[in-house]
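Protein sequences appear in the order of chains A and B.
Every letter in the first sequence is one number past the one before it in UniProt numbering, and letter 108, counting from 1, is 108.
Every letter in the second sequence is one number past the one before it in UniProt numbering, and letter 163, counting from 1, is 163.
Where is the CB? At the ideal position from N, CA and C, for every residue including glycine.
Predicted model, so just to flag it, every value in this text is computed and none were measured.
Number of protein chains: 2
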Amino acid sequence: MRAVRAYERVVEQVEEAIESGTLSPGERLPSERELMVQFSVSRSTVREALRVLQARGLVQSRPGDPNGAEVLPFTPAALHKSMTTLARVEELSLAELVQFRMVLDSAAILLAARLRTAEQLGEMERAVAGMRASVERGEDAFSAADAAFHEVVARTGGNKLIQICTDVVRSIVVRLISEKIAGAPDREQLMRRSIGHHEEVIAAIRAGDGPRAARLSREAMYDYYADYVPAAERGVLEALLD
Amino acid sequence: MRAVRAYERVVEQVEEAIESGTLSPGERLPSERELMVQFSVSRSTVREALRVLQARGLVQSRPGDPNGAEVLPFTPAALHKSMTTLARVEELSLAELVQFRMVLDSAAILLAARLRTAEQLGEMERAVAGMRASVERGEDAFSAADAAFHEVVARTGGNKLIQICTDVVRSIVVRLISEKIAGAPDREQLMRRSIGHHEEVIAAIRAGDGPRAARLSREAMYDYYADYVPAAERGVLEALLD
DNA sequence: GTAGCCTACTGGTCCGACCAGTGCACTAGC
DNA sequence: GCTAGTGCACTGGTCGGACCAGTAGGCTAC
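Written out as structure tokens, the structure is:
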């Protein structure tokens with residue numbers, strides 16, 4: 001047996017209301033002072049519950065707002081937070097993160113090659129064009145354009161879980177190597193080579209050759225990040241290239 | 001600009017101390033009354049901060065404990081929670097979850113086939129033996145034995161992120177279809193066929209044929225879950241079988 | 001009709017209090 | 001002497017009240 005805390009009851013009930021759709025994103029929770037009478041608890045307890053819900057990314061409150069806390073649409077923010085924590089305390093290596101991306105991203109591309117519409121193919125081509133246009137606008141712009149491309153592909157692949165996970169890990173990787181990248185030589189050359197790889201991937205997608213597109217994408221990612229991965233750990237990445 | 005809340009300052013500082021290793025798992029935080037003087041905030045604020053840290057799975061507190069909150073070793077509990085939420089509010093289909101597992105699990109197996117030691121191969125064989133022994137002990141026992149097998153494989157694959165994500169999604173899938181499974185006919189036959197597939201995978205791993213082991217594992221998972229996936233969504237799973 | 005103020009709320013923070021637990025030192029009994 | 005029991009000093013959980021800065025919307029004065 002375990003004693004159930006008062007604030008946990010509040011968390012569970014509000015959470016259930018949100019996840020079951022009784023409360024939809026954009027709607028407002030009652031004010032803290034109203035919640036305390038609804039649940040017959042003190043405001044401290046209500047506030048602790050709201051803090052938990054906020055930490056889980058379900059609601060957000062703003063001081064002075066005449067309405068209560070706002071129910072948020074799902075964001076992978078909480079997922080991002082826990083994966084970032086995982087990366088720090090479990091000391092995930094860059095190799096592991098890149099490997100994870102190689103696996104999931106190539107899977108998304110494999111699926112995208114099957115499911116893509118002509119419209120989506122156009123989106124991908126525009127995304128790569130955006131990458132080319134961003135080469136001279138610095139690292140951040142290029143990184144954003146690259147993210148946009150992978151977002152289109154992942155969305156086309158049709159698996160939201162893959163889409164979200166790849167995006168979360170991508171941003172972690174970007175943050176992890178951003179300082180290394182800043183001072184690296186030949187960045188522009190690396191960007192252009194990366195764009196070339198992306199175009200090859202698109203060509204394979206256009207041709208409907210999913211396995212080829214997936215393999216090319218793994219090679220592209222390996223090529224782009226290998227320099228930042230300690231040589232001793234590159235082996236596990238190369239295992240995915242055959 | 002945005003006003004930084006007092007409790008956020010506390011959260012960030014404690015979090016930093018934990019993630020940087022200044023505070024190690026098993027160690028204790030100062031008591032709430034001591035934290036309030038250290039950070040010059042009220043106890044309410046300290047408690048809200050602790051609630052956030054607890055929601056992130058970093059600390060745990062117990063009433064009456066003469067010490068402060070305990071710093072926890074990392075658990076994927078927070079990750080699990082956010083993925084479960086994702087599965088509910090974004091209405092992830094069973095097909096997407098199974099597809100995710102097919103991708104990551106087969107990747108782990110591909111890696112395991114390269115990296116496994118003789119000892120680890122033995123572990124896998126014992127795990128499958130455990131599965132066979134559990135067939136007559138009910139669904140939960142079989143599911144646990146299956147989880148143990150995949151845990152060994154994922155650990156052998158060497159990518160902690162893949163390991164954790166597959167385990168989290170596996171448990172979500174299990175919970176999602178547990179009620180469907182309970183009344184399903186031919187369960188024992190399905191279990192035995194699954195065990196057969198697992199043995200084929202192990203044989204391929206023993207032979208060092210990673211790609212074959214990976215493909216077999218995808219087939220095995222498809223075979224095991226296809227009946228519970230609506231026919232209209234099976235197509236995207238079959239895309240991974242070639 | 002509009003610009004500006006006023007008010008009634010909101011959430012953020014603080015304070016003080018009480019309760020039920022827990023661990024430990026101390027004590028009473030053997 | 002040692003042990004069993006008791007009390008105390010802490011812990012976290014909860015409550016109630018208070019004040020502040022901010023916001024929105026209605027009201028008033030122009």
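At the C-beta level, Val11/A and Ala69/A stay beyond 8 Å of one another. Look at the beta carbons and you see the stretch 61 to 68 of chain B not touching the stretch 184 to 202 of chain B: under three pairs across the two are nearer than 8 Å.
For Glu188/B, the closest C-alpha among the options Met36/B, Asn159/B, Ser143/B is that of Ser143/B. Residue burial is scored here from C-beta neighbours: Arg51/B has at least 16 other C-beta atoms within 10 angstroms and is therefore classed as buried. 8 Å or more divides the Cβ of Val71/A from the Cβ of Leu79/A.
About 13 Å separates the beta carbon of Leu110/A from that of Ala207/A, a gap too long to meet the 8 Å contact definition. Under the three-state reduction of DSSP output, Val59/A falls in the strand class. Two segments are said to touch when three or more pairs of C-beta atoms, one from each, lie closer than 8 Å; by this definition the stretch 91 to 98 of chain A touches the stretch 216 to 228 of chain A.
Counting only the Cα atoms, Met191/A lies some 46 Å from Leu29/B. Bridge pairing for Glu233/A: absent [DSSP]. Rounded to the nearest angstrom, the gap between the Cα atoms of Glu34/A and Ser42/A is 10 Å. In this structure, Arg170/A places its C-beta atom within 8 Å of the C-beta atom of His150/A.
The residue among Met102/A, Glu16/A, Asp167/A, Glu219/A with its C-alpha nearest the C-alpha of Val89/B is Glu16/A. Linking Ser40/B to Val14/B through their CA atoms gives a straight-line distance of about 14 Å. Under the three-state reduction of DSSP, Glu91/A is assigned to coil, being neither helix nor strand.
Proximity of chain B to Arg114/A at the Cβ level (cut-off 7 Å) is accounted for by Ala239, in chain order. Taking 4 residues as the shortest admissible run, the UniProt domain "HTH gntR-type" (4 to 74) of chain B contains the following complete alpha helix (DSSP H) segments, listed from N- to C-terminal end: 6 to 19, 32 to 38, 43 to 55.
For Pro211/B, the uninterrupted alpha helix (DSSP H) run begins and ends at 210 to 225, by DSSP. Here Gly130/A is near Ala148/A, since their CB atoms are less than 8 Å apart. Minimum Cα-Cα distance from Arg155/B among the listed residues Leu104/B, Pro211/B, Tyr222/B, Gly26/B corresponds to Leu104/B.
The three-state reading of DSSP puts Arg116/B in coil, since its state is none of H, G, I, E or B.
If one requires a minimum length of 4 residues, the alpha helix (DSSP H) runs lying completely within the stretch 175 to 206 of chain A are 187 to 206, in chain order.
Ser217/B does not reach chain A, its nearest Cβ partner there being about 13 Å away, counting only Cβ pairs nearer than 8 Å. Scanning chain A for C-beta atoms nearer than 8 Å to the C-beta of Asn159/B yields Glu96, Gln99, Phe100, Val236, reported in chain order. Following the DSSP letters along the chain, one finds Ala141/B inside the alpha helix (DSSP H) bounded by residues 139 to 157.
Ser194/B counts as buried, since at least 16 other C-beta atoms from the protein chains shown sit within 10 angstroms of its C-beta.
Chain-ordered listing is empty here: chain A has no CB closer than 8 Å to the CB of Ala204/B, the nearest sitting near 15 Å. Here the C-alpha atom of Ala6/A lies approximately 40 Å from the C-alpha atom of Gly158/A. Taking a Cβ-Cβ cut-off of 7 Å, the neighbours of Ala78/A in chain B comprise Ser82, given in sequence order. Interface flag for Arg62/B against chain A is unset, since no Cβ pair is found closer than 8 Å. Taking C-beta separations shorter than 7 Å and ignoring five residues to either side along the sequence, the partners of Ile18/B in its chain run Leu58, Val71, following chain order.
Distance from the CA atom of Ala133/B to the CA atom of Leu216/B, rounded to whole angstroms, is 22 Å. Here the alpha carbons of Thr75/B and Ala231/A stand approximately 30 Å from one another.
In the displayed model, Leu240/A falls within coil according to three-state DSSP, outside both helix and strand.
Chain-order list of chain B residues neighbouring Phe149/A: empty, with the shortest C-beta distance near 20 Å, by a criterion of under 7 Å.
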